[in-house]
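Sequence order for the protein chains is A and B.
As numbered in this note's numbering, residues 1428 to 1535 make up the first sequence, in order.
As numbered in this note's numbering, residues 5 to 119 make up the second sequence, in order.
Just so it is clear, CB atoms sit at the ideal spot from N, CA and C, and this is done for glycine as well.
In what follows, a single structure is set out as structure tokens and then discussed.
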Amino acid sequence: GQSLEQPSEVTAVEGAIVQINCTYQTSGFYGLSWYQQHDGGAPTFLSYNALDGLEETGRFSSFLSRSDSYGYLLLQELQMKDSASYFCAVEAGTALIFGKGTTLSVSS
Amino acid sequence: GAGVSQSPSNKVTEKGKDVELRCDPISGHTALYWYRQSLGQGLEFLIYFQGNSAPDKSGLPSDRFSAERTGGSVSTLTIQRTQQEDSAVYLCASSTTGGEYYGYTFGSGTRLTVV
């Protein structure tokens, strides 16, 4: 079977740094993606890692270790607007398989 | 179009009725996906289209669910004899294949409520 594990909730304050971890078990693997979803909104693509290492896009970075079947999303200089759900997703075949999501709450 | 368009945005139906959900992907996107999201849950894969064919229907939960795509563009997800457990947000996404990876672009979804 295929499964992804990520924490259900994370809380932080404005200006802080937060890391959301994701571990996966899949029968195939092409890459790990991260999506952001605000309440009532559509999921939006944040980042994609096909190879080991760190990818940086502005305040957001994503890391992958294929040997450990592990990745994380790092959010820096947190802002209130970053309060949302964050999903890791594995490309293992024809379509993305998503984790259950991590709800990030940012307070002032 | 500029984005993925889904209609209707909300649908309330009586148990046992059939419903059709529509997805209009980004022009030129050959891949199209349907997902289902229950309240507070992750995205459950339903079906994948490449052009007009559906090489992966493994996520359809029962034979009450079917989907088609015509002209390599618009897709329709049909749920027959709806049940209360079908209540969820149905999300459609499209993507390009080949070249630089830009991820999936999702529509805003159809919120289906079966009463």
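For B/L47, decide whether its Cβ has a neighbour in chain A, counting only Cβ atoms nearer than 8 Å.
Along the second sequence, read from residue 1 onward, the residue named residue 47 of chain B stands at position 43. At least one chain A Cβ lies under 8 Å of B/L47.
Would you please verify whether the beta carbon of A/P1470 is less than 8 Å from any beta carbon of chain B?
Within the first sequence, numbered from 1, the residue matching residue 1470 of chain A stands at position 43. Chain B contact via Cβ: present.
For the candidate residues B/G63, B/E24 and B/Q10, whose alpha-carbon lies nearest to that of B/T86?
Reading the second sequence from its first residue, position 82 is the one you call residue 86 of chain B. When each option's Cα is compared against that of B/T86, the closest is B/E24.
Would B/T80 pass as a contact of B/A35 if the rule is Cβ separation under 8 Å?
As a first step, residue 80 of chain B must be located in the second sequence, where it is residue number 76. As a first step, residue 35 of chain B must be located in the second sequence, where it is residue number 31. Not a contact, by the Cβ cut-off of 8 Å.
Could you pull the DSSP bridge partners for B/N56 from this structure?
Along the second sequence, read from residue 1 onward, the residue named residue 56 of chain B stands at position 52. Paired residue(s): none; B/N56 is not in a bridge.
Proximity winner among A/V1440, A/L1491, A/A1443 and A/Y1513, relative to A/L1473 (alpha-carbon distances)
For the purposes of this step, residue 1473 of chain A is identified with residue 46 of the first sequence, where counting begins at 1. Answer by Cα proximity: A/Y1513.
Is the Cβ-Cβ distance between B/K15 and B/V119 less than 8 Å?
Taking the first residue of the second sequence as 1, we reach residue 15 of chain B at position 11. Taking the first residue of the second sequence as 1, we reach residue 119 of chain B at position 115. No, Cβ-Cβ distance for B/K15 and B/V119 is not below 8 Å.
Please list the residues of the segment 1492–1514 of chain A that have a C-beta atom closer than 8 Å to any C-beta atom in chain B, keeping them in chain order.
F1514
So, for A/Y1499: in the same chain, excluding its five sequence neighbours on each side, which residues have a beta-carbon less than 8 Å away from its beta-carbon?
For the purposes of this step, residue 1499 of chain A is taken as residue 72 along the first sequence, with counting starting at 1. Excluding residues within five positions, the ones whose Cβ falls inside 8 Å are Q1446, I1447, N1448, C1449, S1489 and F1490.
B/S31 versus chain A: which residues are under 8 Å apart at the beta carbon?
As a working note, residue 31 of chain B is residue 27 in the second sequence. Those within 8 Å of B/S31 in chain A number zero; the least Cβ separation is about 18 Å.
Let me know if B/D90 comes out buried or exposed under the rule of 16 or more other beta-carbons within 10 Å of its beta-carbon.
Reading the second sequence from its first residue, position 86 is the one you call residue 90 of chain B. With 16 or more other Cβ atoms within 10 Å, it is buried.
Which one or two residues does DSSP pair with B/K19 in a beta bridge?
The count along the second sequence starts at 1 and reaches residue 19 of chain B at position 15. None, per the DSSP bridge assignment.
For B/P59, which residues in chain A fall below 7 Å Cβ to Cβ?
Stepping through the second sequence from its first residue, residue 59 of chain B is reached at position 55. The answer, in chain order, is T1521.
Would you verify that the beta carbon of B/Y94 is, or is not, closer than 8 Å to some beta carbon of chain A?
Reading the second sequence from its first residue, position 90 is the one you call residue 94 of chain B. No, because no Cβ of chain A sits closer than 8 Å to the Cβ of B/Y94.
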